[in-house]
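Colleague:
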Amino acid sequence: MFLCFFIKKRNVKANLRLILFPVLLCVLLVVLQRVVDNEAGKYFDKTKCNKIEVEKGGDGVQYSHAIEFATCAIPKPPEWPPLFQVPAPYNRAISNAYLQSVVGPGVKILLDFVKEMPKSELAFRIEIASLIGGLFFTWVILQLFPVALTSLVYERQQKLRIMMKMHGLDDEPYWTISYVYFLAISVIYLLLLVIFGSLIGLQFFRLNDYGIQFVFFFIYLNLQVSLAFLVSAMFSNVKTATVTAYIIVFGSGLLGGFVFQSLVQSESFPRVWIIVMELYPGFALYRGLYEFSEFAFSGDGMQWKDLSNSTVGMKEVLIIMSVEWIVLLFVAYCIDRESRRSPFSFLKRFQKKSFPSTQNPTIQKQGSKVMVQMENHDVKQEREKVEQLLHEATSKDAIVCDELKKVYPGRDGNPDKVAVKGLSLAVPLGECFGMLGPNGAGKSSFISMMIGLTKPSTGTAYVQGLDIRTEMDKIYTQLGVCPQYDLLWGSLTGREHLLFYGRLKNLKGSALTKAVEESLKSLNIFHGGVADKQVRSYSGGMKRRLSVAISLIGDPKVVYMDEPSTGLDPASRSNLWNVIKHAKQGRAIILTTHSMEEAEALCDRLGIFVNGSLQCVGNAKELKGRYRGSYVFTITTCLNHEKDVENMVLQLSPNAKKIYHLSGTQKFEVPKEEIKIGDVFEAVENAKRDFTVSAWGIADTTMEDVFIKVARVLLLVLLVLLQRVVDRVQSKGDGNNCVNTSDNEGGANWYSTGDVNKVPALVKCIQCLRLWRNSSSDINSELYQGYYNGNTKGEINEIAAAFDLLNSNEKGFNVIIWYNSTKRTKARSINLVCI
Numbered sequence: 001m002f003l004c005f006f007i008k009k010r011n012v013k014a015n016l017r018l019i020l021f022p023v024l025l026c027v028l029l030v031v032l033q034r035v036v037d038n039e040a041g042k043y044f045d046k047t048k049c050n051k052i053e054v055e056k057g058g059d060g061v062q063y064s065h066a067i068e069f070a071t072c073a074i075p076k077p078p079e080w081p082p083l084f085q086v087p088a089p090y091n092r093a094i095s096n097a098y099l100q101s102v103v104g105p106g107v108k109i110l111l112d113f114v115k116e117m118p119k120s121e122l123a124f125r126i127e128i129a130s131l132i133g134g135l136f137f138t139w140v141i142l143q144l145f146p147v148a149l150t151s152l153v154y155e156r157q158q159k160l161r162i163m164m165k166m167h168g169l170d171d172e173p174y175w176t177i178s179y180v181y182f183l184a185i186s187v188i189y190l191l192l193l194v195i196f197g198s199l200i201g202l203q204f205f206r207l208n209d210y211g212i213q214f215v216f217f218f219i220y221l222n223l224q225v226s227l228a229f230l231v232s233a234m235f236s237n238v239k240t241a242t243v244t245a246y247i248i249v250f251g252s253g254l255l256g257g258f259v260f261q262s263l264v265q266s267e268s269f270p271r272v273w274i275i276v277m278e279l280y281p282g283f284a285l286y287r288g289l290y291e292f293s294e295f296a297f298s299g300d301g302m303q304w305k306d307l308s309n310s311t312v313g314m315k316e317v318l319i320i321m322s323v324e325w326i327v328l329l330f331v332a333y334c335i336d337r338e339s340r341r342s343p344f345s346f347l348k349r350f351q352k353k354s355f356p357s358t359q360n361p362t363i364q365k366q367g368s369k370v371m372v373q374m375e376n377h378d379v380k381q382e383r384e385k386v387e388q389l390l391h392e393a394t395s396k397d398a399i400v401c402d403e404l405k406k407v408y409p410g411r412d413g414n415p416d417k418v419a420v421k422g423l424s425l426a427v428p429l430g431e432c433f434g435m436l437g438p439n440g441a442g443k444s445s446f447i448s449m450m451i452g453l454t455k456p457s458t459g460t461a462y463v464q465g466l467d468i469r470t471e472m473d474k475i476y477t478q479l480g481v482c483p484q485y486d487l488l489w490g491s492l493t494g495r496e497h498l499l500f501y502g503r504l505k506n507l508k509g510s511a512l513t514k515a516v517e518e519s520l521k522s523l524n525i526f527h528g529g530v531a532d533k534q535v536r537s538y539s540g541g542m543k544r545r546l547s548v549a550i551s552l553i554g555d556p557k558v559v560y561m562d563e564p565s566t567g568l569d570p571a572s573r574s575n576l577w578n579v580i581k582h583a584k585q586g587r588a589i590i591l592t593t594h595s596m597e598e599a600e601a602l603c604d605r606l607g608i609f610v611n612g613s614l615q616c617v618g619n620a621k622e623l624k625g626r627y628r629g630s631y632v633f634t635i636t637t638c639l640n641h642e643k644d645v646e647n648m649v650l651q652l653s654p655n656a657k658k659i660y661h662l663s664g665t666q667k668f669e670v671p672k673e674e675i676k677i678g679d680v681f682e683a684v685e686n687a688k689r690d691f692t693v694s695a696w697g698i699a700d701t702t703m704e705d706v707f708i709k710v711a712r713v714l715l716l717v718l719l720v721l722l723q724r725v726v727d728r729v730q731s732k733g734d735g736n737n738c739v740n741t742s743d744n745e746g747g748a749n750w751y752s753t754g755d756v757n758k759v760p761a762l763v764k765c766i767q768c769l770r771l772w773r774n775s776s777s778d779i780n781s782e783l784y785q786g787y788y789n790g791n792t793k794g795e796i797n798e799i800a801a802a803f804d805l806l807n808s809n810e811k812g813f814n815v816i817i818w819y820n821s822t823k824r825t826k827a828r829s830i831n832l833v834c835i
């Protein structure tokens, strides 16, 4: 259990400052007490601070005259021993005048030489801590709330908690250690406050029973930590959480001191409403501190017997806080477990689950919507492979994705966004699978589902036979993740990071030490004491290498790497590639990257991801062989001879295309079947006789060219589809085959070539609609909604279509149509050509 305390080292300095805070507050109270004592003593000598009422037998010091009584600074000064009363001079003069008028002029009271009796100097002291204890100590104790809240929100915002979870830290240990950690800090904080306050003589702590203080503070600190866990679920930004927490701190103190206290002291305010207000933890804290202050100021202090007094609110406060502690902790745990709908749903983890590979996958239709599926032959083979694996009892493939789909709901009237469209993929152990694709293609959404950040909308995936929908906690123990952004603690060293994550992978003793040393050395973060320096001093490349080391420690069977070589220099990148090549033995690695060089160097197979779908799958050699139908010819001359170069290339290959042109440097895409390398050399040598050729070269297709070509074709065809979409198909079943439609705006016509698998049918498209949509998923809802079939009495039957876009271009594209009625289940292929 000490494991998670290790990670809290990042807060050492902050914790020390926090723990020393109550000591500094006690010092401040001592200084303030001395200032008040000095001032109050001076004023007491002048005014005597009380008036004797002799006829009532009162005790105390008599003023020189009654006017001075109003100047006393203390509302309720303590009683003092009685002293001899001395008449004021004008009182003696009046008495003598009266006696002389009655008895005679010779009569006189001889009091000229009478004075006060000697008395010892009186020391008057005001207990500041008891006088302002309710407000002051409320603020002091509530300072712990922002500390816990900010830490919890920070770990969520920076994704540090999910990073720990993805490496095997379950929710229960995280909750237990985090709770114990915050409670321990709070208890130490309060202990120092009470101990140091008692040592310097604060009556607030010395007079009140220490047992009552311990029970009250312990229950409230547990309540405060539980409240921090609950409130943390409402924030995703640390700054917002911090500001809100301090508003709660100061607001609770001010409202307690100026509103709640006056209501407590009011005899007319109903007691039941006081109890209702004490349901708010801040007022419950204030009420308890207020009771302590009142008893300490009276000079007696609170004892256990005082709890039975109905006028003392301490007993009801203890009961309220105890109940709230349990309730808030339970609610916070349920919310954290994403159990808002049913607080007991987390108990489902104890239920037995069947092994998913023995179940047959099912495909469910959603309403009458039609899905346009874009699949190449290799993608189709991958899908069939997945279906076969799902029917097998055992499988060597570590990752199996079955029709994985992610749909983000539309907002403000916008349509839903389909990020991943029915992905089927299998990755065996020992293979590194590379995912390529432009930004927004759906790669991040796919990875987020696989590591448990988001739930799939439909479909699922299995990691080592475990379902990502229901068994992510078990999957995390076999998972390693290198995120796109480095999720590290700045105050921990590189070695401490690896020790922590190694312990999460159940490494111990010499095995842990050896694994850490090997990781540090293999990624070149060992020598020169770098491993023992704080991560905040690391460069971007060093942090990246540390993130890769974290993902590989503990020998996880499945590893996800998101652009692992970003920010690395060439030497470090080459070293990292060697580490990954060695690491894929016995592991399944999915790597996303924008570097074609990295993909070709590391990946056994590649998949190009465009518009939420997997467009092609194969190794680098296969993909280049499939799409390398041209050479790239590059030549640099002066600007005056650019036209001459273009003419020379067109003579070599009439179908050559210029793909780049800048300051005399031109690039041409030349079909391989039209030229020979020797002819290019000869043409360039002949051209050098007419003009200067600064540089030239001819190269084969690279993985970058393959990627760009696939993405460009797909985007081009999607634009065509968005502009001209056939919305309905009508069939009368009279044996003629044709597809006709027209666009009123564009005037384009479409017709079919080839038969439709020799099935008699008339397929006639009614008027086409020009559609401009925000997402290509809208094509699915508009295209081929249904057709009229005479054999089913005119009912509209559903039609599904699959576009073979990779074998299409801007002039025409292939469509495969399935009639999903009871009598027409065979696929018919129609080639639509734009004329």
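1 is the number of the first residue of the sequence shown in UniProt numbering; add one for each residue after it.
Backbone N, C-alpha and C fix where the C-beta goes; we use that ideal spot for every residue, glycine too.
At what residue ranges does the region 575-663 contain a whole run of the beta strand (DSSP E), taking only runs of 3 or more?
Modeller: With a minimum length of 3 residues, the continuous beta strand (DSSP E) runs that stay inside the region 575-663 are 588-592, 605-610, 613-618, 630-637 and 657-662.
Colleague: Are three or more beta carbon pairs between the region 467-487 and the region 507-516 nearer than 8 Å?
Modeller: Touching, no, given that fewer than three Cβ pairs across the two stretches are closer than 8 Å.
Colleague: I need the straight-line Cα distance from G607 to N619, nearest angstrom please.
Modeller: Their backbone Cα atoms lie some 8 Å apart in a straight line.
Colleague: What residue range does the beta strand (DSSP E) around A398 cover?
Modeller: Note, A398: beta strand (DSSP E), D397 to Y408.
Colleague: If you compare alpha carbons, which of G567, D690, G509 and V617 is closest to K643?
Modeller: Answer by Cα proximity: D690.
Colleague: Applying the criterion that 16 or more other CB atoms from any shown protein chain within 10 Å of the CB defines a buried residue, is G480 buried or exposed?
Modeller: Buried, because 16 or more other Cβ atoms sit within 10 Å of the Cβ of G480.
Colleague: Under the DSSP definition of a beta bridge, which residues are partnered with K667?
Modeller: Looking at the DSSP assignment, K667 forms a beta bridge with T634 and Y660.
Colleague: If you count every other CB in all the chains shown that lies within 10 Å of the CB of residue 883, and 16 or more means buried, which is it?
Modeller: What the structure shows of the chain is the stretch from 1 to 835, and residue 883 is not part of that stretch, so it cannot be assessed.
Colleague: Going straight from the alpha carbon of W696 to that of F633, what length do you get?
Modeller: Using only the alpha carbons, I get a separation of about 8 Å.
Colleague: Could you pull the start and end residues of the alpha helix (DSSP H) that W273 belongs to?
Modeller: That run of the alpha helix (DSSP H) goes R271 to M277.
Colleague: Measure how close the beta-carbons of S186 and L221 come, nearest whole angstrom, since I'm counting them as under 8 Å.
Modeller: About 4 Å separates the two Cβ atoms, so the contact holds.
Colleague: Please state whether the Cβ-Cβ distance between L390 and V379 is less than 8 Å.
Modeller: No, they are not a contact pair.
Colleague: Pick out whichever of K672, G437 and S547 has its Cα sitting closest to the Cα of T493.
Modeller: The candidate whose alpha carbon is nearest that of T493 is S547.
Colleague: Have a look at S322 and L285 and give me their C-alpha separation to the nearest angstrom.
Modeller: If you take the alpha carbons of S322 and L285, they lie about 12 Å apart.
Colleague: Is M164 buried or exposed, if buried means 16 or more other CB atoms sit within 10 Å of its CB?
Modeller: So M164 ends up on the buried side.
Colleague: Would you report the Cα separation of S252 and P409, rounded to the nearest angstrom?
Modeller: Whole-angstrom Cα-Cα distance: 40 Å.
Colleague: Please classify L20: is it buried, with 16 or more other beta-carbons within 10 angstroms of its beta-carbon, or exposed?
Modeller: Exposed is the call here.
Colleague: Could you tell me the distance, in whole angstroms, from the CA atom of S653 to the CA atom of C616?
Modeller: Computed Cα separation, rounded: 29 Å.
Colleague: On the three-pair Cβ rule with 8 Å, is the region 531-546 touching the region 581-596?
Modeller: No, they do not touch.
Colleague: Can you list, in chain order, the stretches of the alpha helix (DSSP H) that have 4 or more residues and sit fully within the region 489-554?
Modeller: Correct list: 494-504, 509-522 and 540-552.
Colleague: Would you mind sorting N50 into buried or exposed? The rule is 16 or more other CB atoms within 10 Å of its CB.
Modeller: With a pLDDT of only 44 at N50, under the threshold of 50, the placement of this residue in the model should not be trusted; the figure read from the coordinates follows. Buried: at least 16 other Cβ atoms inside 10 Å.
Colleague: Where does the unbroken beta strand (DSSP E) through G480 begin, and where does it stop?
Modeller: From DSSP, the beta strand (DSSP E) with G480 extends over L479 to C482.
Colleague: Count the CB pairs spanning the region 436-446 and the region 405-425 that are closer than 8 Å, and state whether there are at least three.
Modeller: Because the criterion of three Cβ pairs below 8 Å is met, the region 436-446 and the region 405-425 touch.
Colleague: Near L18, what residues of its chain come up, given a Cβ to Cβ distance below 7 Å and the 5 sequence neighbours on each side ignored?
Modeller: Correct list, in chain order: V147, I185 and Y189.
Colleague: Do the region 264-274 and the region 168-182 make contact, defined as three or more Cβ pairs closer than 8 Å?
Modeller: No: fewer than three Cβ pairs fall under 8 Å.
Colleague: Run through DSSP, which three-state label would E431 get?
Modeller: It is a strand residue.
Colleague: Got a sec? Which residues, its chain only, sit under 8 Å from E278 by beta carbon, not counting five neighbours each side?
Modeller: Around E278: A284, R287, G313, E316, V317 and I320.
Colleague: Output needed for R161: all residues of its chain with C-beta closer than 6 Å, excluding positions within five of it in sequence on either side, in chain order.
Modeller: Answer for R161: E155, listed in chain order.
Colleague: Using the beta-carbon count (16 or more within 10 Å), is E302 buried or exposed?
Modeller: A small correction: the amino acid at residue 302 is Met; Glu does not occupy that position in the sequence shown. Per the 10 Å Cβ criterion, buried.
Colleague: Using 8 Å as the Cβ pair cut-off and three pairs as the minimum, do the region 559-573 and the region 481-489 touch?
Modeller: Result yes; three or more Cβ-Cβ pairs closer than 8 Å.
Colleague: Tell whether a beta-carbon distance below 8 Å holds between F668 and V649.
Modeller: In this structure, V649 lies closer than 8 Å to F668 by Cβ.
Colleague: Which residues in the same chain have their Cβ closer than 6 Å to the Cβ of Y660, if we skip the five residues on either side of it in sequence?
Modeller: The residues are K667.
Colleague: For S445, does the three-state DSSP call read helix, strand or coil?
Modeller: In the structure shown, S445 sits in a helix (DSSP, three-state: H, G or I).
Colleague: Could you tell me if F292 is buried or exposed, where buried requires 16 or more neighbouring beta carbons within 10 angstroms of its beta carbon?
Modeller: Buried is the call here.
Colleague: Report all residues from its chain with a CB closer than 6 Å to the CB of E324; omit the five preceding and five following residues, and keep chain order.
Modeller: Result list for E324: L223, in chain order.
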